[in-house]
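A.B. asks: Quick note on full-length UniProt numbering: the sequence shown kicks off at 1 and runs consecutively.
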Amino acid sequence: MDQRIIDLYDEYTHAPLPRRVFLERLAALAGSAAAIPAILSAIEPNYARAAVVGENDTRLAAEKVSFQGATGDVSGYLARPKLIDKAPAVVVVHENRGLNAYVEDVARRLATEGFVALAPDLLSPLGGTPQDADKARDMIGQLDTDKTVNNLIAAMSYLMAYRYSSAKVGAVGFCWGGGMINRLAIKAPDLKAGVAFYGPTPDPALVGTVKSPLLLHYAGLDQRVNAGIPAYDEALKKAGVEHQIYVYEGVNHAFHNDTSAERYNKEAADLAWKRTVEFLKAKLA
Numbered sequence: 001m002d003q004r005i006i007d008l009y010d011e012y013t014h015a016p017l018p019r020r021v022f023l024e025r026l027a028a029l030a031g032s033a034a035a036i037p038a039i040l041s042a043i044e045p046n047y048a049r050a051a052v053v054g055e056n057d058t059r060l061a062a063e064k065v066s067f068q069g070a071t072g073d074v075s076g077y078l079a080r081p082k083l084i085d086k087a088p089a090v091v092v093v094h095e096n097r098g099l100n101a102y103v104e105d106v107a108r109r110l111a112t113e114g115f116v117a118l119a120p121d122l123l124s125p126l127g128g129t130p131q132d133a134d135k136a137r138d139m140i141g142q143l144d145t146d147k148t149v150n151n152l153i154a155a156m157s158y159l160m161a162y163r164y165s166s167a168k169v170g171a172v173g174f175c176w177g178g179g180m181i182n183r184l185a186i187k188a189p190d191l192k193a194g195v196a197f198y199g200p201t202p203d204p205a206l207v208g209t210v211k212s213p214l215l216l217h218y219a220g221l222d223q224r225v226n227a228g229i230p231a232y233d234e235a236l237k238k239a240g241v242e243h244q245i246y247v248y249e250g251v252n253h254a255f256h257n258d259t260s261a262e263r264y265n266k267e268a269a270d271l272a273w274k275r276t277v278e279f280l281k282a283k284l285a
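1. In the DSSP assignment, what are the bridge partners of Ile245?
2. In angstroms with no decimal places, state the Cα-to-Cα distance between Glu242 and Lys64.
3. Kindly indicate the opening and closing residues of the beta strand (DSSP E) around Pro37.
4. Between His154 and the rest of its own chain, which residues show a CB-CB distance below 7 Å, the 5 nearest in sequence each way excluded?
5. Checking 8 Å against the spacing of the C-beta atoms, do Val172 and Val149 come in under that value?
6. Residues in the same chain with beta-carbon distance under 8 Å from Leu143, minus the five sequence neighbours each way, listed in chain order, please.
7. Can the beta-carbon of Ala161 be found closer than 8 Å to that of Leu280?
8. Give the straight-line distance between the Cα atoms of Ala15 and Arg183, rounded to the nearest whole angstrom.
9. According to DSSP, what are the bridge partners of Leu78?
10. Excluding five sequence neighbours on each side, which residues of the same chain lie with their C-beta closer than 7 Å to the C-beta of Asn104?
11. Nearest to Gly240 by alpha carbon, out of His253, Pro204, Ala269 and Gly208?
12. Per the contact definition of three or more C-beta pairs closer than 8 Å, is the region 254 to 272 in contact with the region 33 to 49?
13. Using alpha carbons as the reference points, say which of Glu234, Ser166 and Asn96 lies closest to Arg87.
14. I need the straight-line Cα distance from Glu234 to Asp132, nearest angstrom please.
15. Would you call Glu249 buried or exposed, if buried means 16 or more other Cβ atoms sit within 10 Å of its Cβ?
16. With DSSP run on the structure shown, which of helix, strand or coil describes Gln3?
17. Quick one: is Pro202 buried, meaning 16 or more other Cβ sit within 10 Å of its Cβ, or exposed?
18. With H, G and I counted as helix, E and B as strand and the rest as coil, what does DSSP make of Pro125?
19. Would you kindly report the start and end of the unbroken alpha helix (DSSP H) that includes Lys266?
20. Short check: CB of Val93 to CB of Leu8, under 8 Å?
21. Residues bridged to Asp144 by DSSP?
This is how it looks when you write it as structure tokens:
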């Protein structure tokens, strides 16, 4: 697919652009409006494509849960291995489309690797993630960032007290959720490990409080997010924060999300996931 179309879609989902403006620009790039349905089918998330790892795995237990957050009750999806009495725990932070099948699948993937995984619905203060992904994106923009980070800290506390948890908690996030991992690391000294996939970088002046080691994955074609890498990297180095940065060349933002055919890159996704699991196992042992 024309990279200009992928870049336009990234602008639409993150700027954000009104859908009408996005479709007008898309028609101009595609040469006609007739091509739009096929393009949208290939580039927009289709959560029916989620890999559903472990959905019917009898070794796993999965359930909807809720916990007390900074803004009231926060709902979430929890997956864990049945045969482990005490497992390290991971908070899974969703993209700017809210808690959906892809994110729940990520939680199950972690459970198959021996972790207790909790994916909170951070849109809970606004009534929860809607079916309409564009509406979810708009709702994300209405969240109070500090309160959202506090809800993630509450998710950590929930996992620390959870009967099947070893009380060692890490976190992994994607896109908007990757940015929240960076913010969580600044504010949560009890975080044992943070993994951010193509997450917007925080104010470099704030990273002096980071205590947890970080694993940071970026997409080589993601100019919007990658512009912040050098300053973030330098600030982390100056603060003495253990961190690893990987840039996966030739792939787009959201390359790990297997529900978007044109942006997903299996090779990069598999490698980044392997590194993520190894990192979490080492830091949460």
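Backbone N, C-alpha and C fix where the C-beta goes; we use that ideal spot for every residue, glycine too.
C.D. replies: Result, derived from the coordinates:
1. Leu216
2. 34 Å
3. For Pro37, no beta strand (DSSP E) encloses it; the enclosing alpha helix (DSSP H) starts and ends at Ile36 to Ile43.
4. Correcting the residue identity first, residue 154 is Ala in this sequence and not His. So the qualifying residues of the chain are Phe67, Gln68, Gly69, Ala70 and Val74.
5. The Cβ atoms of Val172 and Val149 lie no closer than 8 Å to each other.
6. Leu122, Leu123, Pro125 and Leu126
7. no
8. 20 Å
9. Glu63 and Leu118
10. Note that residue 104 is Glu in the sequence shown, not Asn. Only Tyr77 and Ala119 meet the Cβ criterion.
11. Gly208
12. yes
13. What sits at residue 87 in the sequence shown is Ala, not Arg. Answer by Cα proximity: Ser166.
14. 39 Å
15. exposed
16. helix
17. buried
18. helix
19. Residue range Lys266 to Leu284 is occupied by the alpha helix (DSSP H) that includes Lys266.
20. Result no, Cβ atoms of Val93 and Leu8 do not sit closer than 8 Å.
21. DSSP, once it has assigned bridges, lists no residue as partnering Asp144.
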